[in-house]
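Enquirer: Letter by letter, the sequence shown follows residues 0 to 355 in numbering that gives the first Met the number 0. Note that beta-carbon positions come from the ideal geometry of N, C-alpha and C, so glycine has one too.
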Amino acid sequence: METFFSSDSSSAAAKEFSLDPKWLVDPKHLFVGPKIGEGAHAKVYEGKYRNQNVAIKIVHKGDGPEEVAKREARFTREVAMLSRVQHKNLVKFIGACMEPVMVVVTELLLGGSLRKYMLNMRPRCLDMHVAVGFALDISRAMECLHSHGIIHRDLKPENLLLTADQKTVKLVDFGLAREETLQEMMTAETGTYRWMAPELYSTVTLRHGEKKHYNHKVDAYSFAIVLWELLHNRLPFEGMSNLQAAYAAAFKNVRPSAENLPEELALILTSCWDEDPNSRPNFSQIVQMLLDYSSSISSLEPVIPSHVFTSENKLLPPESPGTSSLMAKRDDLGETPKAKLANRPRGVFFCFNHCY
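Encoded structure:
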């Protein structure tokens with residue numbers, strides 16, 4: 000097994016992006032395995048850190064001074080948020096380093112993405128208890144983020160991963176997250192169009208990169224679209240492209256149908272995707288509404304796991320925050336999480352130069 004890269008000046012790296020030394024990854028103990036995901040700005044690998052299975056995201060620095068500076072600033076902001084926000088429904092943050100490249104390390108989740116989970120169930124719908132339990136996991140994660148003044152801005156099923164037993168959902172991908180501010184203008188057109196709040200979409204921003212004021216209620220809208228998916232196991236705005244869906248939601252006030260749902264769930268959906276952000280509930284209210292509905296169906300089978308019946312953000316001790324674009328091991332072959340864990344190659348780890 001080869002080391003990720005030779006030991007570097009940990010103190011210098013920590014100082015450069017103001018990371019508490021306890022979160023600074025020691026390169027001597029970091030090993031890189033198979034690639035498990037890739038995005039426009041980063042690659043994700045399975046790996047090991049101090050004999051713990053982890054996910055390792057290596058961020059590309061970009062081309063040209065302006066692009067490099069932009070990505071470094073985004074990385075610094077992301078790591079700063081991850082290192083201070085901790086919750087059982089956020090992927091566990093293990094550490095980061097900035098030299099020789101920008102790296103974020105988190106726990107490795109083997110249950111696959113929520114998107115994959117739902118696709119594998121189609122055309123069947125999720126059991127109502129399961130759907131509501133997942134919705135509670137998501138809303139609690141968002142409640143925690145918002146309590147720390149952080150907006151996620153890209154809430155969607157691809158950014159929600161399942162634990163190996165597929166009973167708990169954890170939020171990932173803080174690449175677009177940022178601290179909320181009342182003064183500073185923030186970039187619009189942020190997120191994924193199909194799940195994007197109407198106030199983030201504008202034909203003007205497409206042309207000019209306009210910035211505008213918005214707040215944490217953009218995440219409530221995205222949550223409503225995800226909840227609709229959990230209840231119907233269908234793609235929202237079917238028959239539309241991502242851009243068409245965003246345009247219809249922003250300029251024609253089009254929403255998926257909330258008909259044929261229990262009144263309590265229909266109210267959550269319609270209030271969360273309200274055109275007026277100020278009319279949308281916050282996530283503490285959303286958690287309570289979901290808990291009330293859970294209690295009303297608690298006599299039905301299967302029973303919802305007990306963790307969904309109590310508010311946890313203020314009672315649980317800190318665990319660990321999430322991270323950006325760190326994905327579970329691929330489940331392309333449809334294997335169960337336990338089978339994947341048992342069948343994956345052992346000891347296949349490479350030096351850093353093979354990975355970027």
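Does the stretch 112-122 come close enough to the stretch 192-200 to have 3 or more Cβ pairs within less than 8 Å?
Expert: With the cut-off at 8 Å, the stretch 112-122 and the stretch 192-200 do not touch.
Enquirer: To the nearest angstrom, how far is the alpha carbon of Leu135 from that of Leu81?
Expert: Roughly 21 Å between the two C-alpha positions.
Enquirer: Does the Cβ of Phe30 have 16 or more other Cβ atoms within 10 Å, making it buried, or fewer, making it exposed?
Expert: Looking at its Cβ environment, which holds 16 or more other Cβ atoms inside 10 Å, Phe30 is buried.
Enquirer: In its own chain, which residues sit with a C-beta less than 6 Å from the C-beta of His59, not counting the 5 before and 5 after it?
Expert: Closer than 6 Å at Cβ, skipping near neighbours: His40.
Enquirer: Touching or not, the stretch 98-106 and the stretch 128-146, by the rule of three or more beta carbon pairs under 8 Å?
Expert: Cβ pair count under 8 Å is below three, so no.
Enquirer: In whole angstroms, give me the CA-to-CA distance for Gly63 and Asn232.
Expert: Each residue's alpha carbon lies about 43 Å from the other.
Enquirer: Count the other CB atoms within 10 Å of the CB of Phe133; is the residue buried (16 or more) or exposed (fewer)?
Expert: Buried, by the Cβ-count rule.
Enquirer: Which value, in whole angstroms, describes the spacing of the CA atoms of His147 and Gln284?
Expert: Using only the alpha carbons, I get a separation of about 16 Å.
Enquirer: In terms of residue numbering, what span does the alpha helix (DSSP H) encompassing Leu81 cover?
Expert: First-last of the alpha helix (DSSP H) with Leu81: Pro64 to Leu81.
Enquirer: Within 10 angstroms of the Cβ of Asn158, are there 16 or more other Cβ atoms? Answer buried if so, exposed if not.
Expert: Buried: at least 16 other Cβ atoms inside 10 Å.
Enquirer: Asn214: which of Arg76, Pro33, Pro276 and Leu264 sits nearest, CA to CA?
Expert: Of Arg76, Pro33, Pro276 and Leu264, the residue nearest in Cα terms is Pro276.
Enquirer: In angstroms, rounded to a whole number, what distance separates the CA positions of Lys69 and Phe173?
Expert: If you take the alpha carbons of Lys69 and Phe173, they lie about 15 Å apart.
Enquirer: Thinking Thr105 and Ile93 are a contact (beta carbons under 8 Å), I'd like their distance in whole angstroms, please.
Expert: Contact flag correct, Cβ pair sits at about 6 Å.
Enquirer: Along the chain, where does the beta strand (DSSP E) that runs through Tyr48 open and close?
Expert: First-last of the beta strand (DSSP E) with Tyr48: Ala41 to Tyr48.
Enquirer: With Met141 as the anchor, note down where its alpha helix (DSSP H) starts and where it stops.
Expert: Here the alpha helix (DSSP H) through Met141 covers Met127 to Ser146.
Enquirer: In chain order, what residues of the same chain lie with their CB nearer than 7 Å to the CB of Ala265, ignoring the 5 residues before and after it?
Expert: Ala257, listed in sequence order.
Enquirer: Over the uninterrupted alpha helix (DSSP H) stretch that includes Val253, give me the two end residues.
Expert: Counting along the chain, Val253 falls outside any alpha helix (DSSP H), and DSSP gives it neither H nor E.
Enquirer: If Leu170 and Leu230 are in contact, beta carbons under 8 Å, what's the gap, nearest whole angstrom?
Expert: The pair is not a contact, with the Cβ atoms about 19 Å apart (cut-off 8 Å).
Enquirer: Using beta-carbon positions only, say whether Asp249 and Phe236 come within less than 9 Å of one another.
Expert: The sequence shown places Ala at residue 249, rather than the Asp named in the question. Result no, Cβ atoms of Ala249 and Phe236 do not sit closer than 9 Å.
Enquirer: When you compare the CB positions of Ser240 and Asp153, do they come within less than 9 Å of one another, or not?
Expert: No, the Cβ-Cβ distance between Ser240 and Asp153 is not below 9 Å.
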